[in-house]
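Positions 244 to 966 (this note's numbering) are the ones given, in order, by the sequence shown.
Beta carbons: idealized from backbone N, C-alpha and C, even for Gly.
See structure below.
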Amino acid sequence: MSLNTPAKSADGRQLRVVYGACPHDCPDTCALETHVDEQGRAVRVQGRSNHPVTRGWLCAKVNRYLERVYHPERLLYPLRRSGPKGSGQFTRISWDEAIAEIAGRWRQLADTHGAETILPYSYAGTLGLVQGAVTDSRFWNRLGASQLERAICGHAAEEAVLLTVGGRLAASPESLAESKLILIWGSNPASTAPHVMPFLREAQRNGSRVIVIDPIRTLTARSADQHIQPLPGSDAALALSMMYVMVNEGLHNTAWIAEHTLGWEQLRERIQQYPPERAAAITGLAVETIVTLAREYATTAPALLRISDGINRHTNGGQMVRTLACLPAVVGQYGVAGGGLMYSTSDWLKWDRATVGRGDDPACPPATRSLNMNRLGAILTGEADPPVYSLYVYNANPVASTPNAGKVVEGLMREDLFTVVHELFETDTARYADIILPATSQLEQVDIHKPYGHLFLQYNTPAIEPQGEARSNWDVMRALAAAMGFQESWLTADANEIIDEVLTTTAARQPLLAGLTLERFQAEGSIPLAIPEHERIPFSDGKFRTPSGKVEFYSEQAAAKGYDPMPGWVPEVESRPDPLRPATKGEALPLLSSAAHHFISSTFANQQTLMTKEHAPTLRINPEDAKLRGIRSGQLVHVSNERGWCRLVAEVSEVVRPGVLATTTVWWPKFSPDQRNINWTTSDRLADFNGGSTFYTNLVFVTPEESSQPQESPVGVFVENKS
Ligand SMILES: Nc1nc2c(c(=O)[nH]1)N[C@H]1C(S)=C(S)[C@@H](COP(=O)(O)OP(=O)(O)OC[C@H]3O[C@@H](n4cnc5c(=O)[nH]c(N)nc54)[C@H](O)[C@@H]3O)O[C@H]1N2
Ligand SMILES: Nc1nc2c(c(=O)[nH]1)N[C@H]1C(S)=C(S)[C@@H](COP(=O)(O)OP(=O)(O)OC[C@H]3O[C@@H](n4cnc5c(=O)[nH]c(N)nc54)[C@H](O)[C@@H]3O)O[C@H]1N2
Ligand code: SF4
Ligand SMILES: [Mo]
């Protein structure tokens, strides 16, 4: 085991300090240090103090990382199902037995039905290069398994940004200090990117105003200078109307638009359809609010627009984000220090794709079909042809986290489906497995992490030995490759060899990696990308990565994909026809199920301390709507639509406006009432762009449970069901 620093004394004990990276799906990608005692036990995980974004502290979740690593319910050995599917009955087996059984089943499937009847399903358990991207591709390409269209999170937003400016480039959050106006639009960094918050506070101290635009009064909204609360799914209309005000008051940046954009005349026409009176009727905001916001945004510089993926999870999410991405161009704020769009830093560096996946290697069969992960339930219950006969799940918990989860369970119950789940815990998904494999935590594995919220790469040195017989994702791939008789060196290489190779091939065409070697990462842990000072503000050279080299208001690429080539607003597929009319008692209302402060998707939602802090799977409902339905705080409510139902604990609250509902996700079904969560109601319909998810386009009926009394401590609801 390699170590980053020699023995160091703390608390009177000799502790080793090991540098690492937070592996979770969070833009902060914190630099970690783990303190390990003489017995090889990790005693502390903390943020590295010399990292300019981590700055020595971790979030409420990862502060509790050791509870996760040493959790009494960690899976320690491979298991084989010994009872009916879903019964949770398993018997311990050896790794050799497990690998031989999986390889045997897959060989048989490949021979009889073709390898594309095998589907790997994974997402955000870890964002590491090796335990994520390489594991997601190499072995599966060699096998010829079905590809997974990884569209559950930000697919529509990514495409929207690419169509408009051609690259996901943003400045590092340190740059917020230079902004004079910051619009945080459909994003909740206080919970989902907490290391942005000190920079936001600094900006406020420097005189910047922070405006949050979110249907929910989130933690971020509460600390802002102004909170604007539009109806969900209406934001494209709001943005177009802001442009209307700017254009009609001459506040737009004509010179910049002329030089750097394509399709302004068409956009002008579109804008004229959105006078503030019309936008007010769509968004539920006052005309005055829209006009003032437009004027402030157009006349304050630098003005930064921050978005994240939350806002894209609607049936009109792609167009919503595309319209927002046009706003900075109308006021000429792209390329300005402290201005522009802060979405993601993902495209500063792209790992060399051919090395990561090896899909072009002659040993690999031709590329297979790609199945959209949002449709998992449908895929398993008849949509796929040929059917999927084996599902291999890792880095994901689909029974908790996919839309229309009831359908996923239905699929997992199929007797002719052979399911393998590689996990740290017996999640609701693992319960339906035929074979469960134990996975390592981040303290037990090697990896390197590319952030999407700042500009440092982080290497992760293992701090402790694997718990029990746990193995990393990649080590399982290597074992499966060997069992399948695949002998390519790129399937036998270990994690460090792969990192070395990917760094080398990527550096050959990416000057940003100059001098960033494996050895340096092993010694230093965290290293900034070598971006020259004058290139640190994206698009400051006026060059956009679109086909025209300009900001594309009009996008030929969008047209070719069958989308509206111009930004625009359409109502969500599920929406109240007249959202300003007070809702009647029996009417379905839109429900947002956004990120919980103490979980990351369903990760951490089995740690008692964090579950207790998160309180309960609640339904936030405005006092007006609650009164009409006879709902009191603490009472169980029945939440349903044609897809399914679940029960939540009511929280009557003004954090939502009348006619809008909210809950936080993702609670484990098995720790929820009736062993089901909100994803029994969410839709597996795809977004307007790129096959994206639509969790937040979800109309539900809410009724109080007749027999349910308000509970002092709703936490009991899930603890009771803990099995
Ligand atoms: N604590 C915590 N951190 C996380 C996660 C987590 O689950 N918990 N998840 C991680 C992952 S996977 C992701 S993708 C990111 C997500 O990070 P965010 O995008 O910040 O999180 P969300 O909660 O999905 O959405 C942000 C906000 O968008 C708002 N929103 C939804 N629809 C609309 C709309 O139509 N209009 C407007 N204006 N606002 C809207 C929601 O009310 C919500 O407050 O966070 C990452 N970090
Ligand atoms: N209703 C609703 N549902 C949502 C969302 C929402 O906002 N609302 N958000 C959606 C979003 S943005 C996302 S990104 C998805 C995320 O969906 P998923 O990617 O399924 O994320 P999690 O549910 O956190 O499950 C990740 C699992 O990976 C496991 N894991 C962690 N590290 C490793 C490892 O190294 N190896 C292996 N084998 N396993 C590991 C964890 O224990 C955990 O159980 O959820 C989506 N679901
Ligand atoms: S989840 Fe985000 S904020 Fe928390 S430690 Fe990881 S990277 Fe940092
Ligand atoms: Mo996500």
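Three-way DSSP call (helix, strand, coil) for Y262 in this model: strand
Please go through the same chain and pick out, in chain order, the residues whose beta-carbon is closer than 6 Å to the beta-carbon of T946, but skip the five residues on each side of it. H881
Tell me whether N431, by its Cβ, gets closer than 7 Å to a heavy atom of ligand 1. yes
For a test of your reading of the model: does the CB of Y517 fall under 7 Å from any non-hydrogen atom of ligand 1? Yes or no. no
Tell me whether the beta-carbon of F442 lies closer than 8 Å to the beta-carbon of E417. yes
So what's E949 in DSSP terms, helix, strand or just coil? coil
Between K856 and ligand 1, is the CB less than 7 Å from at least one heavy atom? no
Is A524 closer than 8 Å to L823 when the C-beta atoms are compared? yes
Taking the C-alpha atoms as reference points, what is the distance between S551 and T334? 43 Å
Can you give the Cα-Cα distance for A725 and T907, rounded to whole angstroms? 42 Å
Element boundaries [beta strand (DSSP E), containing H881]: 879-883
Boundaries (first-last residue) of the alpha helix (DSSP H) holding S434: 432-435
Buried or exposed (CB count within 10 angstroms, at least 16 for buried), N449: exposed
If you draw a straight line from the C-alpha of E949 to the C-alpha of L879, how long is it? 9 Å
Going along the chain, which unbroken runs of the beta strand (DSSP E) with 3 or more residues stay wholly within the region 619-665? 633-637
Is any heavy atom of ligand 3 found at a distance shorter than 7 Å from the C-beta of I691? no
Which value, in whole angstroms, describes the spacing of the CA atoms of Y212 and K593? As displayed, the chain neither begins before 244 nor continues past 966, which places residue 212 out of reach and without an answer.
Assess, as a yes-or-no matter, whether the region 321-331 is touched by the region 668-688 under the definition of 3 or more beta carbon pairs within less than 8 Å. yes
Limits of the unbroken beta strand (DSSP E) element including G561: Element bounds for G561: not the beta strand (DSSP E) but the alpha helix (DSSP H), 560-573.
Quick test of your reading: L462 and S434, contact by CB under 8 Å. State the CB separation rounded to the nearest angstrom. 6 Å
M809 in three-state terms, based on DSSP: coil
So for G290, helix, strand or coil by DSSP? strand
Starting from the N-terminal side, write out each stretch of the alpha helix (DSSP H) that is 4 residues or longer and does not extend beyond the region 427-494. 432-435, 440-448, 462-465, 478-491
Cβ of P437 within 7 Å of any heavy atom in ligand 3? yes
Contact between the region 777-785 and the region 481-489 (3+ Cβ pairs under 8 Å): no
Buried or exposed: S613, going by 16 or more other Cβ atoms within 10 Å of its Cβ? exposed
Exposure label - R601; buried when at least 16 CB within 10 Å: buried
Distance, P833 Cα to R657 Cα: 33 Å
Counting along the chain, where does the alpha helix (DSSP H) carrying Y577 start and finish? It is not in any alpha helix (DSSP H) - Y577 carries neither H nor E in the DSSP assignment.
Does the distance between the C-beta of T461 and the nearest non-hydrogen atom of ligand 1 fall short of 7 Å? yes
Name the residue from M489, A648, V636, T645 whose alpha carbon lies nearest to the alpha carbon of L660. V636
Unbroken beta strand (DSSP E) run spanning T334, endpoints: 333-335
Given this structure, state the Cα-to-Cα distance separating V579 from G620, to the nearest angstrom. 45 Å
Counting C-beta neighbours from all protein chains within 10 Å, is the total for S430 16 or more, i.e. buried, or is it exposed? buried
Compute the minimum distance between the beta carbon of G368 and the heavy atoms of ligand 1, and state whether it is under 7 Å. no
I'd like to know whether the C-beta atoms of A346 and P363 end up nearer to each other than 8 Å. no
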